[in-house]
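Structure record follows, encoded as structure tokens.
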Amino acid sequence: MKRLLFVVSSAIILATSAAHAKETLQFNNVFDFKYAKSLQLSENGKILALTATPYRGDVQGQIYSLATNDLLAQVPQGIKPIINKNASWIGFTVKPSLLKSESASKKEKNKLTNSLTLINAKTTKKFEFENVKDFKLSDDGLWLAYRLDEKSDDKKPDNKEKSADKSKDKSAIKADKKDTPYNLVIVKLKDQTSHTLNNILTYGFSHTSEQMLVSKVVKDGVNNQISLIDLANNYKVTPLMSEPGIVASHISWHPEQSSVAFTAGNYINDDKRRREYQLYIWHDTKGELETILTPKENWFIGKTAEINWSDAGERLYFKTRPALAKKIEKKKYKTTEDLIDYATIRDQKGLKIWHNNDAQIKPREQVTWNKDDKNRHFQAVYHLDTQQSIQLATPDMNDINLHKEKHALLGVSNNQHLERIMYEGFFADFYAVDVKTGERKEIISDTRSRPSLSPKGRFAAYFDDGHVHLKNMQTAKLNNLTKGMRSLFSDDRHDYPTEVPGYGFAGWMTDGSAVLVYDKYDIWAFDTNSLKATRLTNGEKTNTRYRVIQLDKTSVGFKKGDTVFVKAINLKDKQTEIAKLNLNENSITKVLEGKSRFDLIKKAKHSDKLLFTQQSYHQFPDIWQTDVSFNHKQQVTHLNPQMTNFDWAQKPELISYKGWDGEDLQGVLIKPATYKKGDKLPIVIYFYRYMSQRMYDFPKMELNHRPNFPMFTSNGYGIFLPDIRFEVGHPGRSSTKTMINATQKLIDLGIADPDKIGLQGHSWAGYQSAFMVTQTDMFKAVVSGAPVSNMTSAYSGIRLKSGLARQFQYETGQSRIGKNLFEAPELYIENSPVFFANKVNTPIMIMFGDKDGAVPWQEGIQYYLALRRAGKDAIFLQYEGEPHHLKKFPNQVDFSIRMMEYFEHHLKGKPAPLWMQQGEAFIEE
Numbered sequence: 002m003k004r005l006l007f008v009v010s011s012a013i014i015l016a017t018s019a020a021h022a023k024e025t026l027q028f029n030n031v032f033d034f035k036y037a038k039s040l041q042l043s044e045n046g047k048i049l050a051l052t053a054t055p056y057r058g059d060v061q062g063q064i065y066s067l068a069t070n071d072l073l074a075q076v077p078q079g080i081k082p083i084i085n086k087n088a089s090w091i092g093f094t095v096k097p098s099l100l101k102s103e104s105a106s107k108k109e110k111n112k113l114t115n116s117l118t119l120i121n122a123k124t125t126k127k128f129e130f131e132n133v134k135d136f137k138l139s140d141d142g143l144w145l146a147y148r149l150d151e152k153s154d155d156k157k158p159d160n161k162e163k164s165a166d167k168s169k170d171k172s173a174i175k176a177d178k179k180d181t182p183y184n185l186v187i188v189k190l191k192d193q194t195s196h197t198l199n200n201i202l203t204y205g206f207s208h209t210s211e212q213m214l215v216s217k218v219v220k221d222g223v224n225n226q227i228s229l230i231d232l233a234n235n236y237k238v239t240p241l242m243s244e245p246g247i248v249a250s251h252i253s254w255h256p257e258q259s260s261v262a263f264t265a266g267n268y269i270n271d272d273k274r275r276r277e278y279q280l281y282i283w284h285d286t287k288g289e290l291e292t293i294l295t296p297k298e299n300w301f302i303g304k305t306a307e308i309n310w311s312d313a314g315e316r317l318y319f320k321t322r323p324a325l326a327k328k329i330e331k332k333k334y335k336t337t338e339d340l341i342d343y344a345t346i347r348d349q350k351g352l353k354i355w356h357n358n359d360a361q362i363k364p365r366e367q368v369t370w371n372k373d374d375k376n377r378h379f380q381a382v383y384h385l386d387t388q389q390s391i392q393l394a395t396p397d398m399n400d401i402n403l404h405k406e407k408h409a410l411l412g413v414s415n416n417q418h419l420e421r422i423m424y425e426g427f428f429a430d431f432y433a434v435d436v437k438t439g440e441r442k443e444i445i446s447d448t449r450s451r452p453s454l455s456p457k458g459r460f461a462a463y464f465d466d467g468h469v470h471l472k473n474m475q476t477a478k479l480n481n482l483t484k485g486m487r488s489l490f491s492d493d494r495h496d497y498p499t500e501v502p503g504y505g506f507a508g509w510m511t512d513g514s515a516v517l518v519y520d521k522y523d524i525w526a527f528d529t530n531s532l533k534a535t536r537l538t539n540g541e542k543t544n545t546r547y548r549v550i551q552l553d554k555t556s557v558g559f560k561k562g563d564t565v566f567v568k569a570i571n572l573k574d575k576q577t578e579i580a581k582l583n584l585n586e587n588s589i590t591k592v593l594e595g596k597s598r599f600d601l602i603k604k605a606k607h608s609d610k611l612l613f614t615q616q617s618y619h620q621f622p623d624i625w626q627t628d629v630s631f632n633h634k635q636q637v638t639h640l641n642p643q644m645t646n647f648d649w650a651q652k653p654e655l656i657s658y659k660g661w662d663g664e665d666l667q668g669v670l671i672k673p674a675t676y677k678k679g680d681k682l683p684i685v686i687y688f689y690r691y692m693s694q695r696m697y698d699f700p701k702m703e704l705n706h707r708p709n710f711p712m713f714t715s716n717g718y719g720i721f722l723p724d725i726r727f728e729v730g731h732p733g734r735s736s737t738k739t740m741i742n743a744t745q746k747l748i749d750l751g752i753a754d755p756d757k758i759g760l761q762g763h764s765w766a767g768y769q770s771a772f773m774v775t776q777t778d779m780f781k782a783v784v785s786g787a788p789v790s791n792m793t794s795a796y797s798g799i800r801l802k803s804g805l806a807r808q809f810q811y812e813t814g815q816s817r818i819g820k821n822l823f824e825a826p827e828l829y830i831e832n833s834p835v836f837f838a839n840k841v842n843t844p845i846m847i848m849f850g851d852k853d854g855a856v857p858w859q860e861g862i863q864y865y866l867a868l869r870r871a872g873k874d875a876i877f878l879q880y881e882g883e884p885h886h887l888k889k890f891p892n893q894v895d896f897s898i899r900m901m902e903y904f905e906h907h908l909k910g911k912p913a914p915l916w917m918q919q920g921e922a923f924i925e926e
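Using this note's numbering, the first residue of the sequence shown is number 2, and each one after it goes up by one.
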């Protein structure tokens with residue numbers, strides 16, 4: 002009887018196990034995981050719109066009611082949601098399906114157009130509009146405007162018209178090549194009636210009235226016009242400017258008045274860089290067009306200069322630039338004599354001259370020219386009350402940290418440091434700039450540390466020489482705020498060959514009476530008059546770091562009675578919680594806590610509605626909602642219910658070990674779901690610098706330059722993410738020693754099979770992994786992405802994406818040599834894997850994109866050739882046309898599969914695929 006009972010019990014157990022058996026994750030399962038992108042929360046806190054974006058597949062627009070958490074509507078292929086101000090309408094741009102895009106030829110792709118789906122928030126009724134270039138919704142929800150993605154002058158001329166058009170074209174005032182006008186359709190949403198305006202380039206709705214401003218641009222430019230459209234009066238058109246070639250580049254309506262600012266230029270000047278635009282404000286109540294003059298004589302507004310009102314509309318921010326030198330015209334071959342004329346011939350040359358007196362090397366000069374300097378403008382402001390324009394930035398202080406609500410702004414200039422940036426890293430000079438007058442005062446110069454400026458500019462605070470300093474900007478008096486304090490205000494984890502930075506600033510009291518400063522754990526308030534320090538949090542006792550969460554980007558500071566949201570990170574167990582800090586009582590109340598990571602992501606502008614995410618390795622960061630009381634917390638989205646189908650992993654755990662110098666460090670160990678105590682696992686180690694803070698992070702469900710963690714744990718591997726620390730001058734040696742200690746701890750714990758441990762790292766970790774195998778045979782296989790292998794050659798290489806010389810990276814940056822190549826050539830050699838390739842006994846696979854803009858891909862070739870010459874087991878993967886991180890989907894998938902196959906063979910003993918055995922021959926049809 003007992004035997005029968007045992008058999009029955011076993012059958013039940015087996016049946017139960019089979020019923021609960023989960024699938025092993027495959028690469029195509031990764032494709033299906035969706036993330037919430039383009040999140041939009043209505044200002045009243047009632048509607049949430051987002052795009053559910055899978056790693057591979059068609060996106061889906063989604064709309065949720067935050068009153069019920071119901072999914073109100075779904076929009077296939079819906080992207081970039083827009084909720085109008087009163088939350089009555091939600092619009093999605095609808096792009097072509099993935100299949101249509103992927104299967105189209107290059108010519109066919111150019112003809113693909115987007116559409117628009119508009120959803121009524123109250124009824125959830127959908128309205129579809131085809132061939133939509135762009136669209137806008139009025140704040141009051143009464144109007145929609147969209148441009149049809151069809152050329153406005155589409156009528157094709159016959160042969161007779163073509164010959165006539167050629168003569169017309171010579172006299173035509175042509176728009177810039179990318180300035181394509183389209184027909185604008187204006188829809189009255191109440192009854193869906195519409196009105197069309199032809200040839201519209203730019204347009205915008207009034208925030209306070211039923212009006213629009215539009216810029217009409219016709220083919221020959223003769224009838225160009227900038228007009229006011231009265232929507233409530235049968236679309237009455239009031240021309241504000243009518244002249245051949247006129248165009249409005251930027252339009253910005255006043256937030257509280259029937260006034261609109263715009264910049265207008267004329268295509269008669271076909272040099273768009275030198276074309277002058279004028280700033281105007283149309284005051285509808287006065288019926289007058291005001292011309293806003295530039296603050297400086299012989300300065301002008303260019304085409305790319307943006308305009309923005311402050312929140313209440315008392316200031317209009319715009320940008321200007323000095324007059325440009327006349328364009329240099331190159332000589333062309335026009336006569337027989339030109340063919341042998343030196344000047345004409347040499348004007349056809351292709352040449353860049355690199356000179357030792359240049360402030361920047363040519364690649365950097367080229368990058369900054371194209372990115373910033375070619376169309377660089379300088380911040381200015383117009384004050385409506387005084388009708389004064391003030392120049393805030395100039396070529397000698399060319400950047401302003403614009404905050405439209407503050408009375409003083411932080412000015413920045415690195416002009417004096419361009420040369421040394423190449424080898425010492427980034428430096429700048431900082432100023433306090435008065436928004437009312439444009440007056441500037443220097444805060445600190447020649448520094449890496451970014452200061453913080455009080456809202457009205459009376460005080461500035463910055464970190465220097467191990468302490469926080471307060472500067473009175475009226476008297477220039479300096480005070481050391483932290484001298485003699487026991488708390489640590491300098492970053493104790495800084496292991497670079499530069500001065501130690503501080504932990505930063507939380508902000509200011511609005512009246513400038515105190516500055517809030519971070520130490521390692523806590524937030525401190527320093528009174529700007531008495532200099533008294535008050536600890537606002539008490540994180541040091543519990544090893545918890547508190548940091549302010551700034552959800553309102555328009556806020557200028559804190560007030561005494563404010564309650565501030567803060568993030569609380571336990572530095573030992575890595576839990577990330579949310580708390581409220583009462584600035585009146587200096588008390589902390591935890592509101593979101595548990596063995597998870599919590600992040601506040603949005604607050605509604607005009608309600609107490611809050612959105613947050615909660616995540617762990619096993620919990621996807623779906624969107625949750627609550628209010629400022631945090632009494633009721635509800636999950637809104639459920640984007641990946643399929644997660645429960647798969648063998649994911651056991652709960653991550655922290656493993657402690659010693660760094661190269663005896664420092665206590667941690668790593669995150671993730672075991673497969675099938676792990677049983679006593680099993681010895683194949684382990685893949687992924688690392689960079691600090692990794693243990695990922696303890697409660699949900700793993701990224703994508704395929705790229707790193708292992709997909711659940712893919713490996715679901716297939717029987719353990720994943721280990723160790724913290725790595727470095728010694729200046731000896732980064733290779735110190736990281737290797739740290740890694741050996743971390744790995745040995747897994748072996749000592751009986752978790753890792755010592756014969757089945759692999760390494761994978763990319764970029765800086767690619768370098769480390771490439772170096773480590775020259776020093777130890779502990780690892781059975783290594784996958785090294787984009788590694789520097791020869792610091793002596795990489796030192797004088799160029800980061801092609803930024804144009805910077807790589808020298809700073811070694812002297813003061815990530816590579817941590819701390820000296821230049823001439824001072825310490827032995828350190829560059831010591832830390833270069835290529836010089837020790839003959840000592841490598843570990844199979845290694847190197848991966849590079851051959852358009853890498855950070856690490857010269859020849860560094861991978863050097864290492865591969867050295868390993869090949871030494872007769873080592875080395876494979877080199879060259880992904881064509883790829884930058885530092887793989888961007889093309891086929892390459893991401895291919896590399897992920899090859900990485901898995903590589904580790905499957907070396908760590909699990911599975912047969913090597915043909916490409917590992919014999920490579921792949923080059924064939925080009």
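Idealized CB from N, CA, C, for every residue including glycine.
Beta-ladder partner(s) of residue i, from DSSP
i	result
GLN636	TRP625
LEU145	LEU138, VAL188
PHE130	LEU117
MET696	Paired residue(s): none; MET696 is not in a bridge.
C-alpha distance - residue i paired with residue j, whole-angstrom precision
i	j	result
PRO452	GLN475	16 angstroms
GLU257	SER210	10 angstroms
GLU315	THR295	18 angstroms
SER104	PRO55	19 angstroms
LEU915	LYS678	36 angstroms
ALA782	GLY719	15 angstroms
GLY412	PRO77	45 angstroms
TYR886	TYR865	Residue 886 is actually His in this sequence, not Tyr. The alpha-carbon atoms of HIS886 and TYR865 are separated by roughly 19 angstroms.
ASP141	SER253	17 angstroms
DSSP-derived helix/strand/coil call for residue i
i	result
GLU291	strand
SER418	Looking at the sequence itself, residue 418 is His, so the reference to Ser does not match. In the structure shown, HIS418 sits in a helix (DSSP, three-state: H, G or I).
ASN473	strand
HIS495	coil
ALA20	At ALA20 the pLDDT is 41, less than 50, meaning the model places this residue with poor confidence; the figure from the coordinates comes in the next sentence. Reduced to three states, the DSSP call for ALA20 is helix.
LEU908	helix
LYS112	helix
ALA753	strand
GLN808	helix
Check: residue i C-beta below 6 angstroms from any heavy atom of the ligand NAD
i	result
PHE427	The ligand NAD is not part of this structure, which contains no ligands at all.
Quiz item: Along the chain, which unbroken stretches of the beta strand (DSSP E) at least 3 residues long are found entirely within the segment 562-605?
Solution: Whole beta strand (DSSP E) segments, 3+ residues: 564-571, 577-583, 588-593, 598-604.
Quiz item: Would you call the segment 801-819 and the segment 858-875 in contact, with 3 or more CB pairs under 8 angstroms?
Solution: no
Quiz item: Does the pairing of the segment 547-558 with the segment 485-502 give three or more beta-carbon distances under 8 angstroms?
Solution: no
Quiz item: Counting pairs of beta carbons, one from the segment 186-204 and one from the segment 217-229, are three or more of them closer than 8 angstroms?
Solution: yes
Exercise. Could I get the ranges of all uninterrupted beta strand (DSSP E) runs contained in the segment 237-306, with 3 residues as the minimum, in chain order?
Key: 237-243, 247-254, 260-267, 279-284, 289-293
Quiz item: Counting Cβ pairs, one atom from each stretch, are 3 or more of them under 8 angstroms apart for the segment 336-344 and the segment 265-281?
Solution: no
Quiz item: Is it true that the segment 891-903 meets the segment 701-715, where meeting means three or more beta-carbon pairs spaced less than 8 angstroms apart?
Solution: yes
Quiz item: For the 8 angstroms Cβ check, are there 3 or more pairs between the segment 777-792 and the segment 845-852?
Solution: yes
Practice problem: Evaluate contact between the segment 510-527 and the segment 443-463, counting only Cβ atoms and requiring at least three cross-stretch pairs below 8 angstroms. | Solution: yes
Quiz item: Does the count of Cβ pairs from the segment 350-361 and the segment 412-427 closer than 8 angstroms reach three?
Solution: The segment 350-361, when compared against the segment 412-427, does touch it at the 8 angstroms Cβ threshold.
Quiz prompt | Sequence ranges, alpha helix (DSSP H) only - wholly within the segment 712-769, length at least 4 | solution = 732-749
Quiz prompt | Contained alpha helix (DSSP H) runs [length at least 4] in the segment 387-433, N- to C-terminal order | solution = Within the segment 387-433, the complete alpha helix (DSSP H) runs of at least 4 residues are 419-425.
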